[in-house]
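S.K.: Sharing a structure here in structure tokens format.
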Amino acid sequence: AQSVTQLDSQVPVFEEAPVELRCNYSSSVSVYLFWYVQYPNQGLQLLLKYLSGSTLVKGINGFEAEFNKSQTSFHLRKPSVHISDTAEYFCAVRRYSSASKIIFGSGTRLSIRP
Amino acid sequence: KAGVTQTPRYLIKTRGQQVTLSCSPISGHRSVSWYQQTPGQGLQFLFEYFSETQRNKGNFPGRFSGRQFSNSRSEMNVSTLELGDSALYLCASSFGGGVDEQFFGPGTRLTVL
Numbered sequence: 001a002q003s004v005t006q007l008d009s010q011v012p013v014f015e016e017a018p019v020e021l022r023c024n025y026s027s028s029v030s031v032y033l034f035w036y037v038q039y040p041n042q043g044l045q046l047l048l049k050y051l052s053g054s055t056l057v058k059g060i061n062g063f064e065a066e067f068n069k070s071q072t073s074f075h076l077r078k079p080s081v082h083i084s085d086t087a088e089y090f091c092a093v094r095r096y097s098s099a100s101k102i103i104f105g106s107g108t109r110l111s112i113r114p
Numbered sequence: 001k002a003g004v005t006q007t008p009r010y011l012i013k014t015r016g017q018q019v020t021l022s023c024s025p026i027s028g029h030r031s032v033s034w035y036q037q038t039p040g041q042g043l044q045f046l047f048e049y050f051s052e053t054q055r056n057k058g059n060f061p062g063r064f065s066g067r068q069f070s071n072s073r074s075e076m077n078v079s080t081l082e083l084g085d086s087a088l089y090l091c092a093s094s095f096g097g098g099v100d101e102q103f104f105g106p107g108t109r110l111t112v113l
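Those protein sequence lines, which keep their order, are chains A and B.
Take 1 as the starting number for the first sequence in the working numbering and just add one per residue.
Take 1 as the starting number for the second sequence in the working numbering and just add one per residue.
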């Protein structure tokens, strides 16, 4: 079975500061990894995904994530955050199978202070 | 291109009642997945439908059921509602499922009194 752990439930950061949201996963088989963002009163939006290849993945809104197989991590980073990045961020994992379900982490609430 | 639409957006029911939620996927998408989001349990996968067939199912009781129509629209039904069923129910569509990008609707907020 797969599982996802987001180590921080809340991350406060000042505007224009860098941020890292941590995600660790557990799986006995190869998986695909995702980061989603949920703005208040909205559904989820895909930020980026890792399927294979380069371990550094670039997504929308200036976010990027690095896949580290040895540490089973997929941390999300942004070098300079904006007020508009205030949202909840979810890490997710899916097994290599068209019929496998996606497992979400518990989410990290990112709050940006001016 | 219109996004994923979910109806109704808000719903209030009482214990013991049943409810049906609707999801219209993006045109051309054949996979529809349903998720339950609660503060305590987070985001949990309910089921996925592809071409009118349930392809995957999460760990929810049989009170939760769904179906998909030939136009890919999907409905989710919850019978004998319990207080713990209060949640945001999210629907997501993708072209073929798998690792195809899922596009989420805004959700239906269900409150059970």
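Cβ atoms here follow ideal geometry from the backbone N, Cα and C, with glycine treated the same way.
Computed from a predicted structure; not experimentally measured.
Between 50(A), 76(A), 88(A), which lies nearest to residue 99(B) when the distance is taken from Cα to Cα?
M.R.: Stepping through the second sequence from its first residue, residue 99(B) is reached at position 99. Checked all of 50(A), 76(A), 88(A); the closest Cα to residue 99(B) is 50(A).
S.K.: Going residue by residue through the segment 5 to 68 of chain B, where are the continuous beta strand (DSSP E) segments of at least 3 residues, counting only ones entirely within it?
M.R.: Complete beta strand (DSSP E) runs here, min 3: 5 to 7, 10 to 13, 19 to 24, 31 to 38, 42 to 50, 53 to 57, 64 to 68.
S.K.: Answer with buried or exposed for residue 56(B), where buried requires no fewer than 16 other C-beta atoms within 10 angstroms of its C-beta.
M.R.: Along the second sequence, read from residue 1 onward, the residue named residue 56(B) stands at position 56. Buried, since its Cβ has 16 or more Cβ neighbours within 10 Å.
S.K.: By Cβ distance, which residues of its chain are closer than 6 Å to residue 4(A), with the 5 residues on each side in sequence left out?
M.R.: Locating residue 4(A) in the first sequence gives position 4, where the first residue counts as 1. Around residue 4(A): 25, 91, 93, 103, 105.
S.K.: Which residue's Cα is closest to the Cα of residue 82(B): 112(B), 102(B), 68(B)?
M.R.: As a position in the second sequence, residue 82(B) is number 82, starting the count at 1. Minimum Cα distance to residue 82(B) is reached at 112(B).
S.K.: Using beta-carbon positions only, say whether residue 28(B) and residue 44(B) come within less than 8 Å of one another.
M.R.: Against the second sequence, residue 28(B) aligns to sequence position 28. Against the second sequence, residue 44(B) aligns to sequence position 44. Their beta carbons are not under 8 Å apart, which means residue 28(B) does not touch residue 44(B) by this criterion.
S.K.: Assign residue 115(A) to one of three DSSP states: helix, strand, or coil.
M.R.: Outside the displayed span of chain A (1 to 114) sits residue 115(A), for which this structure offers no information.
S.K.: Give the range of the beta strand (DSSP E) segment to which residue 12(A) is assigned.
M.R.: Start at 1 with the first residue of the first sequence, and residue 12(A) comes out as number 12. Residues 10 to 14.
S.K.: Between the beta-carbon of residue 48(A) and the beta-carbon of residue 58(A), is there less than 8 Å?
M.R.: Your numbering for residue 48(A) matches position 48 in the first sequence. Your numbering for residue 58(A) matches position 58 in the first sequence. Result yes, Cβ atoms of residue 48(A) and residue 58(A) sit closer than 8 Å.
S.K.: Can you say whether residue 76(A) is buried or exposed, counting buried as having 16 or more other CB atoms within 10 angstroms of its CB?
M.R.: Indexing the first sequence from 1 puts residue 76(A) at position 76. With 16 or more Cβ atoms within 10 Å of its Cβ, residue 76(A) is classed as buried.
S.K.: Compare the Cα-Cα distances from residue 36(B) to each of 101(B), 88(B), 61(B) and report the closest residue.
M.R.: One-based indexing of the second sequence puts residue 36(B) at position 36. Out of 101(B), 88(B), 61(B), 88(B) has the C-alpha closest to the C-alpha of residue 36(B).
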